[in-house]
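Visitor: Sharing a structure, written as structure tokens. Questions coming.
Number of protein chains: 2
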Amino acid sequence: MTPPPNKPEYGPSGRKLIYEEDGTLCRSCNEYTDFQFVTGKALKAPRPAVASAVPATTAPGALAAVSSDDLIPGSRTYVKVPPPDVNQLGRSSWTMLHATAAKYPKDSPTDQQKQDMTKFLTLFSHVYPCTWCAKDFEKYIRENAPKVDNREQLGRWMCEAHNHVNKKLGKPKFNCNFWEKRWVSGWDEES
Amino acid sequence: MTPPPNKPEYGPSGRKLIYEEDGTLCRSCNEYTDFQFVTGKALKAPRPAVASAVPATTAPGALAAVSSDDLIPGSRTYVKVPPPDVNQLGRSSWTMLHATAAKYPKDSPTDQQKQDMTKFLTLFSHVYPCTWCAKDFEKYIRENAPKVDNREQLGRWMCEAHNHVNKKLGKPKFNCNFWEKRWVSGWDEES
């Protein structure tokens, strides 16, 4: 989408800014810092969603105390957390997706389970709120059909799909030989 | 599921422990502390997934430095993060779900969009890796069909579905009149 008149095309992050059809900036498609740059609004940093989650003693400057202005009117626990930006949304969604692969049947999923997983991933690419990410994922699925014959296949497929995005964003590649330790079994921590 | 012989039924969190059919503890259905209690393994705390995300200077004690033992073999950036527990998975998934509602068409979604969203939520309840959470969400959807006629409807439906879970977990209720500020527009921060 071309930026509306008098609106910039790129943000301080260097990323192209994504606007909605009504000319406002897309919350779930841009970074917090870029959003702040365009809107001139001082975005509060993401904070624990529940005030009671703030530890009583914290390292100096690590977490500010919660004032009543920070709380949602009428609530003694929920703080005013801004909507997620594209990065927070990405991290959350990959956590959900990889964990879903990690719990997929190890061997011999039923035909129904295979269909459900394939359809779930396809629909995810339709409803995902970062529109450009969704389009990219949809294309990836079209060109690389999800491998749903067993957990190992699906876990690796997800890892490779994630690496496809990592590459686009200039992030390092994750070694997919470690997908199972990262998402299923853990790292053999000693007692 | 009944616990295997010589395995406890409840964890230190007070929650009933959920075991897999093979007798191991379900990672995505239990809390980190309960997992540690049963397995005797010293779980490393969740950390940034990428070492370079650790700020160079941090408040004293706020974040430990990353040692080479913490890194995934062969990687200079990815640290050994344990698989998500039931709480991290829940937070991540609600972020994705609410943001998805926040980006649903404001008015007049097409029949295809309505069908896609309903089917997506139903499939989510089939593939979600915390099995008892998934069953509960499936039942909730069966008894409270997703409202998909417009964004406001869906956003409130999601908020109420989340409050249903909050209640089960003894957490405070979120005032759904604020769903749009929390997930779409933000809190009118001043510049």
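Residue numbers (full-length UniProt numbering), protein chains in the order written: chain F, 1 to 191; chain Z, 1 to 191.
Just so you know, even glycine gets a beta-carbon here, dropped at the ideal spot from N, CA and C.
Buried or exposed for Leu-97/F, please, with buried defined as at least 16 other CB atoms from any protein chain shown within 10 angstroms of its CB.
Guide: buried
Visitor: In angstroms, rounded to a whole number, what distance separates the CA positions of Asn-163/Z and Phe-174/Z?
Guide: 7 Å
Visitor: For Lys-167/F, which residues does DSSP report across the bridge?
Guide: Per the DSSP secondary-structure output, Lys-167/F pairs with nothing in a beta bridge.
Visitor: Under 8 Å between C-beta atoms, does Leu-123/Z make it to chain F?
Guide: At least one C-beta of chain F is nearer than 8 Å to the C-beta of Leu-123/Z.
Visitor: On a Cα-Cα basis, can you pick out the residue from Ala-134/F, Gln-112/F, Tyr-78/F that is closest to Ala-99/Z?
Guide: Ala-134/F
Visitor: Which partner residues of Tyr-140/Z appear in the DSSP bridge assignment?
Guide: The partner list for Tyr-140/Z (beta bridge, DSSP) is empty, contrary to what the question assumes.
Visitor: Please classify Asp-22/F as buried or exposed, where buried requires at least 16 neighbouring CB atoms within 10 angstroms.
Guide: exposed
Visitor: Would you grab the beta carbon distance between Val-127/F and Met-158/Z for me? Rounded to a whole angstrom, and I think it's under 8 Å.
Guide: Rounded, the Cβ-Cβ distance is 12 Å, inconsistent with contact.
Visitor: Taking only beta-carbon atoms, is Asn-175/F less than 8 Å away from chain Z?
Guide: yes
Visitor: Please confirm whether His-162/Z has its beta-carbon closer than 8 Å to some beta-carbon of chain F.
Guide: no
Visitor: Identify the contact partners of Asp-116/Z in chain F, using a Cβ-Cβ distance below 7 Å as the criterion.
Guide: Leu-123, His-126, Val-127
Visitor: Count the other C-beta atoms from every protein chain shown that fall within 10 angstroms of the C-beta of Ala-53/Z, then say buried if there are 16 or more, exposed otherwise.
Guide: Reliability fails at Ala-53/Z, whose pLDDT of 45 lies under 50, so the model's placement of it is uncertain and the value that follows must be treated cautiously. Exposed: under 16 other Cβ atoms inside 10 Å.
Visitor: Just tell me which of Pro-3/F, Leu-25/F, Val-38/F, Ser-28/F has its CA closest to the CA of Pro-12/F.
Guide: Val-38/F
Visitor: Give a yes or no on whether the C-beta atoms belonging to Ala-102/Z and Pro-82/F are separated by under 8 Å.
Guide: Result no, Cβ atoms of Ala-102/Z and Pro-82/F do not sit closer than 8 Å.
Visitor: Shorter than 8 Å from the beta carbon of Pro-12/Z to some beta carbon of chain F?
Guide: no
Visitor: Using DSSP with H/G/I as helix, E/B as strand and the rest coil, what is Leu-25/Z?
Guide: strand
Visitor: Could one say the Cβ of Pro-55/F lies closer than 8 Å to chain Z's Cβ atoms, at least one of them?
Guide: Bear in mind that the predicted position of Pro-55/F carries a pLDDT of just 43, short of 50, making it too unreliable to give a figure here.
Visitor: Could you tell me whether the Cβ of Gln-88/F comes closer than 8 Å to any Cβ of chain Z?
Guide: yes
Visitor: Between the alpha carbons of Gly-90/F and Thr-110/Z, how many angstroms are there, rounded?
Guide: 26 Å
Visitor: Let me know the secondary structure DSSP gives Lys-103/F once reduced to three states.
Guide: coil
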